[in-house]
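Reviewing the structure listed below.
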Amino acid sequence: MKPALRWIASTLPLVLLALMLAVLAWITAAEEADPTTTDRYPQSIPVKVVGLPDGMVIVEEPNTAVQITFRAPESLWNSLRPGDFSATIDLAGLQAGVHQVPIQVAVAEGKKPLEMILVEPSKVTLELQPWVARSVPVNVKVEGEPALAYLAQTMTVTPMTVTVSGPGPYVDLAVAAEAQISIQDVDANVEEELSLRPLDSEGQPVPHVTVAPDVAQVHIPIELKADYRTLTIKPVREGLIAYGYTITGFSVTPESVTVSGAPDDIAALPGFIETEPVSVEGAQADVVAHPALSVPPNIALVPGQEVTVTYYVEAIHSSLTIEITPTLQNLAPGFTATVSPATVEVFLSGPLPQLEAMQPGNVRVVLELFELDAGTHQITPQVVVPDGLTGYSVLPSTVQVEILIAPTATPTPRGTPESTPTPTATPTKD
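In my numbering, the protein residues as written are 8 to 437.
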């Protein structure tokens with residue numbers, strides 16, 4: 008028995024050494040097959056808040072994401088996705104005040120072995136306060152003055168109070184919800200929807216709170232003073248435009264003016280005021296004028312109001328039909344041509360004065376015969392019209408052109424009376 012024990016005692020170190028070498032060899036082989044890598048994960052992991060106590064609110068929600076560094080086999084690295092990680096801050100049991108809360112990072116089951124090395128940042132600082140809501144008045148600050156002769160009447164604001172809510176210490180700072188509106192130089196009622204912002208007693212914005220509703224409807228009546236009145240402008244025209252033209256419309260800018268005077272005189276006025284006559288005599292284009300106004304002696308026109316009257320003048324459009332003999336163009340030498348029909352009708356449309364002034368030769372019809380050989384051809388006439396005409400058409404839309412080889416003249420023997428040669432058709436031009 009003793010020899011056996013001595014043998015075991017003498018061989019045990021060797022056995023242990025062999026076992027250690029075997030384990031080391033296995034670890035080395037495994038590492039070579041699937042090496043372990045330590046690195047930072049390439050994507051940030053968003054941080055979620057959990058466990059917020061009832062009745063509490065975070066003064067400023069953290070917008071935090073963490074970078075994590077860990078050690079894992081290469082095969083695990085290749086299989087990891089951002090959704091395999093979760094980062095949270097747990098607020099359970101915390102009271103009002105400022106806290107530094109650690110960020111906890113976990114990895115999904117089945118994504119191990121994974122050794123977390125570093126989380127950056129490792130904690131977040133935030134402030135907890137009780138949630139509070141209360142009503143504050145709505146104040147609208149009016150800036151500027153209405154246009155001359157106008158008065159701003161009592162303003163109405165809807166709603167007159169709003170609710171400010173959020174962290175208690177900040178809600179306590181809010182004394183009003185304010186908006187601003189300008190009525191500088193306005194001459195009509197003001198209707199606007201204004202955004203509201205919470206202010207403290209020193210007129211400074213209050214952070215970390217919300218306003219509900221966050222807009223207010225504002226109505227400010229703008230009215231004329233008692234000794235002023237607005238009158239529509241009625242333009243007066245004189246003269247005749249040129250023959251062949253017509254007035255298609257007119258415009259007046261501004262459409263009305265403001266006058267002043269004694270209240271009784273103002274009330275007695277009609278609802279309009281006429282301009283001094285605007286002459287359109289012989290006009291062939293738009294007439295633009297800045298006429299004076301026919302203001303009664305006891306009435307004054309508010310200064311700074313210039314009137315522009317425009318009469319829009321256009322030529323009367325008409326139509327005209329002309330019968331034209333086409334012109335042959337680029338007929339090859341040694342050929343003759345006949346056209347059927349010999350004339351075409353051209354229908355023109357455009358300004359009447361231009362049509363009535365049309366002279367022979369102002370319109371041409373051309374038949375292009377370039378590179379055409381002997382035979383019968385259907386040619387589309389090309390119409391050349393003066394500038395200013397708005398349209399034309401040709402009847403017929405195509406004409407027949409027969410191209411023939413011109414006959415060769417036969418020499419006359421000496422002593423034989425010369426005969427009269429047979430005439431041949433040649434191109435004509437208008």
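Note that beta-carbon positions come from the ideal geometry of N, C-alpha and C, so glycine has one too.
- Message: My assumption, with CB atoms under 8 Å, is that Val302 sits in contact with Val266. Please give the rounded CB distance.
- Response: Here residue 302 refers to the residue found at position 295 of the sequence shown. Here residue 266 refers to the residue found at position 259 of the sequence shown. Right, their Cβ atoms sit about 7 Å apart.
- Message: Along the chain, where does the alpha helix (DSSP H) containing Leu359 start, and where does it finish?
- Response: Along the sequence shown, one-based indexing puts residue 359 at 352. Taken as a continuous stretch (DSSP letters only), the alpha helix (DSSP H) holding Leu359 covers 359-363.
- Test item: CB-CB of Lys232 and Glu281 under 7 Å: For the purposes of this step, residue 232 is taken as residue 225 along the sequence shown, with counting starting at 1. For the purposes of this step, residue 281 is taken as residue 274 along the sequence shown, with counting starting at 1. No. Outside cutoff.
- With burial defined as no fewer than 16 other Cβ atoms inside 10 Å of the residue's Cβ, what is the status of Pro53: buried or exposed? Against the sequence shown, residue 53 aligns to sequence position 46. Under this definition Pro53 is an exposed residue.
- From the DSSP output, in three-state form, read off Tyr235 for me. Working through the sequence shown from its first residue, we reach residue 235 at position 228. Strand, per DSSP.
- Message: Please return the same chain residues whose Cβ sits closer than 6 Å to the Cβ of Lys119, not counting the five positions on each side in sequence.
- Response: Stepping through the sequence shown from its first residue, residue 119 is reached at position 112. Sequence-distant Cβ neighbours of Lys119 in its own chain, meaning closer than 6 Å and more than five residues away, do not exist here.
- Message: By the three-class DSSP mapping on this structure, what secondary structure does Leu206 have?
- Response: Position 199 of the sequence shown holds residue 206. Per DSSP, reduced to three states, the secondary structure at Leu206 is strand.
- Query: Are the Cβ atoms of Val370 and Val351 separated by less than 7 Å?
  - Reply: Residue mapping note: residue 370 aligns to position 363 of the sequence shown, counting from 1. Residue mapping note: residue 351 aligns to position 344 of the sequence shown, counting from 1. No, they are not a contact pair.
- Task: Just confirm the distance between the C-beta atoms of Gly62 and Trp138, as a whole number of angstroms; I'd bet it's less than 8 Å.
- Result: The residue labelled residue 62 in the question sits at position 55 within the sequence shown. The residue labelled residue 138 in the question sits at position 131 within the sequence shown. 6 Å between Cβ atoms; contact.
- Task: Can you tell me which of the three DSSP states Gly90 falls into?
- Result: Against the sequence shown, residue 90 aligns to sequence position 83. Note: Gly90 maps to helix in three-state DSSP.
- Message: Between the stretch 134-152 and the stretch 256-272, can you find at least three pairs of beta-carbon atoms closer than 8 Å?
- Response: With a cut-off of 8 Å, the stretch 134-152 and the stretch 256-272 do not count as touching, because too few Cβ pairs lie within range.
- Query: Among the residues of its own chain, which have a CB less than 8 Å from the CB of Glu363, if the five just before and after it don't count?
  - Reply: Working through the sequence shown from its first residue, we reach residue 363 at position 356. Within the same chain, Glu363 has close Cβ partners Gly251.
- Per DSSP, which one or two residues make a beta bridge with Ser400? Translated into positions along the sequence shown, residue 400 becomes position 393. Under DSSP, Ser400 forms a beta bridge with Phe354.
- Message: For Leu128, count the other beta carbons within 10 Å of its own beta carbon; 16 or more makes it buried, fewer makes it exposed. Which is it?
- Response: The sequence position of residue 128 within the sequence shown is 121, counting from 1. The residue you asked about is not Leu; residue 128 is Pro in the sequence shown. Under this definition Pro128 is an exposed residue.
- Thinking just about the alpha-carbon of each residue, which of Ala223, Leu180, Glu230 is nearest to the one in Asn196? Translated into the one-based positions of the sequence shown, residue 196 becomes position 189. When each option's Cα is compared against that of Asn196, the closest is Glu230.
- Query: Hey, out of Asn337, Thr332, Leu355, whose CA is closest to Ser455's CA?
  - Reply: Given a span of 8 to 437 for the chain in the structure shown, any question on residue 455 remains unanswerable.
- Task: Alpha carbon to alpha carbon, how far is Ser356 from Glu199? Give it in angstroms, no decimals.
- Result: As a position in the sequence shown, residue 199 is number 192, starting the count at 1. As a position in the sequence shown, residue 356 is number 349, starting the count at 1. Answer to the nearest angstrom: the Cα atoms are 53 Å apart.
- Query: How big is the Cα-Cα spacing for Ser172 and Gly256?
  - Reply: Here residue 172 refers to the residue found at position 165 of the sequence shown. Here residue 256 refers to the residue found at position 249 of the sequence shown. Cα-Cα distance, rounded: 60 Å.
- Assuming Thr168 and Val193 make a contact with CB atoms under 8 Å, what is their CB distance in whole Å? The residue labelled residue 168 in the question sits at position 161 within the sequence shown. The residue labelled residue 193 in the question sits at position 186 within the sequence shown. Incorrect: roughly 27 Å between the Cβ atoms, too far for contact.
- Closer than 7 Å by C-beta to Glu288: which residues in its own chain qualify, once you throw out the five before and the five after it? Chain order, please. The count along the sequence shown starts at 1 and reaches residue 288 at position 281. Here the set comprises Gly246, Leu247.
- Run of the alpha helix (DSSP H) containing Gly175, from where it starts to where it stops: Counted from its first residue, the sequence shown places residue 175 at position 168. Note, Gly175: alpha helix (DSSP H), 175-178.
- Message: My output table needs one value for Leu98: the three-state DSSP class, helix, strand or coil.
- Response: Reading the sequence shown from its first residue, position 91 is the one you call residue 98. In this structure, Leu98 counts as coil in the three-state DSSP scheme.
- Message: Taking the beta carbon of Glu68 as the centre, do at least 16 other beta carbons fall within 10 Å, making it buried, or is it exposed?
- Response: For the purposes of this step, residue 68 is identified with residue 61 of the sequence shown, where counting begins at 1. With fewer than 16 other Cβ atoms within 10 Å, it is exposed.
- Query: Taking the alpha-carbon positions, what's the Ala103 to Asp97 distance?
  - Reply: Numbered from 1 along the sequence shown, position 96 holds the residue referred to as residue 103. Numbered from 1 along the sequence shown, position 90 holds the residue referred to as residue 97. Those two C-alpha atoms are separated by around 15 Å.
- In three-state terms, what does DSSP make of Asn85? To locate residue 85, count along the sequence shown from 1; it is residue 78. Here Asn85 sits in helix by DSSP.
- Task: Note down the Cα distance separating Val391 from Leu411, rounded to an integer number of angstroms.
- Result: Here residue 391 refers to the residue found at position 384 of the sequence shown. Here residue 411 refers to the residue found at position 404 of the sequence shown. Val391 and Leu411 have their C-alpha atoms some 27 Å from each other.
- By Cβ distance below 6 Å, which residues in the same chain neighbour Val372 in space, the five residues on each side in sequence not counted? Within the sequence shown, residue 372 is the residue found at index 365, counting from 1. Cβ within range, chain order: Ile331, Pro333, Val351, Pro388, Val390.
- Task: Tell me whether Arg236 is buried or exposed, calling it buried when 16 or more other Cβ atoms sit within 10 Å of its Cβ.
- Result: Taking the first residue of the sequence shown as position 1, residue 236 is located at position 229. It is buried - the Cβ of Arg236 has at least 16 other Cβ atoms within 10 Å.
- Pick helix, strand or coil for Ile329, following the three-state DSSP scheme. Here residue 329 is taken as the residue at index 322 of the sequence shown, counted from 1. Correct three-state label for Ile329: strand.
- Query: Since Thr132 and Gln107 are thought to touch, with beta carbons under 8 Å apart, how far apart are those beta carbons, to the nearest angstrom?
  - Reply: Within the sequence shown, numbered from 1, the residue matching residue 132 stands at position 125. Within the sequence shown, numbered from 1, the residue matching residue 107 stands at position 100. Gln107 and Thr132 do touch by the CB rule: their CB atoms are close to 5 Å apart, below 8 Å.
- Item | Collapsed DSSP secondary structure at Ala274 in the structure displayed | Here residue 274 is taken as the residue at index 267 of the sequence shown, counted from 1. Ala274 falls in the helix class under three-state DSSP.
- Give the straight-line distance between the Cα atoms of Leu374 and Ala339, rounded to the nearest whole angstrom. The count along the sequence shown starts at 1 and reaches residue 374 at position 367. The count along the sequence shown starts at 1 and reaches residue 339 at position 332. Going from the Cα of Leu374 to the Cα of Ala339 covers about 13 Å.
- Message: Using the three-state DSSP reduction, which class does Lys241 fall into: helix, strand or coil?
- Response: Numbered from its first residue, the sequence shown carries residue 241 at position 234. Note: Lys241 maps to strand in three-state DSSP.
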